[in-house]
Amino acid sequence: MPVLNRKMGNDMNDLGPLAKPETAPCVKLVQACLGTTWCKYGKQDLIGLICAIDEKFKDQTFPAKIRMGVSGCPRCCSESHLRDIGIIANPKGWTVIFGGNGGTRPRLGDLIARDHSADEAVDCAQRLAGYYRSHAKSHERTARFMERIGIDLLKSELLSLIPYIPLKKVK
Ligand code: SF4
95 MPVLNRKMGN
105 DMNDLGPLAK
115 PETAPCVKLV
125 QACLGTTWCK
135 YGKQDLIGLI
145 CAIDEKFKDQ
155 TFPAKIRMGV
165 SGCPRCCSES
175 HLRDIGIIAN
185 PKGWTVIFGG
195 NGGTRPRLGD
205 LIARDHSADE
215 AVDCAQRLAG
225 YYRSHAKSHE
235 RTARFMERIG
245 IDLLKSELLS
255 LIPYIPLKKV
265 K
């Protein structure tokens, strides 16, 4: 991972071959802890999940920027409830949250799925992001998008099509 040096200024070339200027809204931030790797409270392996997220979301663009928060346990140090897509580890698997936001109009994200495998959680995040890409207005963040469409429409149009989500569990 390249480390910024204050003397380097703002030249993207200083960040190495993987860095490139953004030309459209994309995943701006994946805030994460290291789960079981470094923290005694960690419930799942975050490193593998974050690598999968990086692979799935790189080069994707969206109507507005997306921030993610991936936390290794329900203490939620990565502020997953306040991110566009939040993923939280628990002893049984992963919880997925969608539509959270901090800032001047904060919103807690909606609970989408819980107790799923890492593959299912990443797949769910990808499907949510795809639905958001197809249905949100330009520059509309996920929090405002969810306020506009509501969780019931998301359930009927998307979540009911995801085989591993039992809808009666999503309150
Ligand atoms: S969310 Fe916080 S307490 Fe939980 S595993 Fe991550 S760093 Fe540790």
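All letters in the sequence shown, in the order written, are residues 95 to 265 by the working numbering.
Glycine residues also receive a C-beta, built at the ideal position from the N, C-alpha and C atoms.
Bear in mind the structure is a predicted one, so any value in this text is a computation, not a measurement.
Own chain, CB closer than 8 Å to Gln-125, minus 5 neighbours either side, in chain order: Its chain contains Arg-161, Met-162, Gly-163, Val-164, Ser-172, Glu-173, Arg-177 as the residues whose beta carbon lies nearer than 8 Å to that of Gln-125, once the 5 sequence neighbours on both sides are disregarded; these appear in chain order.
Touch test, the stretch 130–144 against the stretch 192–202, Cβ-Cβ under 8 Å, three pairs minimum: Contact between the stretch 130–144 and the stretch 192–202 is absent, with fewer than three C-beta pairs closer than 8 Å.
Candidates Glu-241, Tyr-226, Lys-231, Val-190: closest to Glu-251 by CA position: It is Tyr-226.
Distance, Ser-232 Cα to Met-240 Cα: Within the model, the alpha-carbon separation for Met-240 versus Ser-232 is close to 14 Å.
Nearest-angstrom beta carbon gap, Ala-158 and Trp-188 [assumed within contact, 8 Å]: Going by Cβ atoms, the distance from Trp-188 to Ala-158 rounds to 25 Å, so no, they are not a contact pair.
Cα-Cα separation between Gly-142 and Ala-183, rounded to whole angstroms: Going from the Cα of Gly-142 to the Cα of Ala-183 covers about 13 Å.
Between the CA atoms of Cys-218 and Asp-209 - distance to the nearest angstrom: Here the C-alpha atom of Asp-209 lies approximately 12 Å from the C-alpha atom of Cys-218.
Same chain only: Cβ atoms within 7 Å of Glu-214, ignoring 5 sequence neighbours per side: Excluding the 5 residues flanking it on each side, Glu-214 has same chain C-beta neighbours closer than 7 Å at Tyr-258, in chain order.
CB-CB length for Cys-120 against Thr-155, believed under 8 Å: Taking the Cβ atoms as the reference, Cys-120 lies roughly 5 Å from Thr-155, within the contact range of under 8 Å.
Asp-148 versus Cys-127 - alpha carbon distance: Taking the straight line from one Cα to the other gives about 15 Å.
Span separating the alpha-carbon of Leu-255 from that of Cys-167: Spanning the two alpha carbons is a distance of roughly 28 Å.
Where the beta strand (DSSP E) containing Ile-181 begins and where it ends: DSSP places Ile-181 inside the beta strand (DSSP E), whose first and last residues are 179–184.
Gly-203 classed as buried or exposed, judged by whether at least 16 other C-beta atoms fall within 10 angstroms: By the neighbour-count criterion, in which 16 or more other beta carbons inside 10 Å mark a residue as buried, Gly-203 falls on the buried side.
Boundaries (first-last residue) of the alpha helix (DSSP H) holding Ser-250: Element bounds for Ser-250: 245–251.
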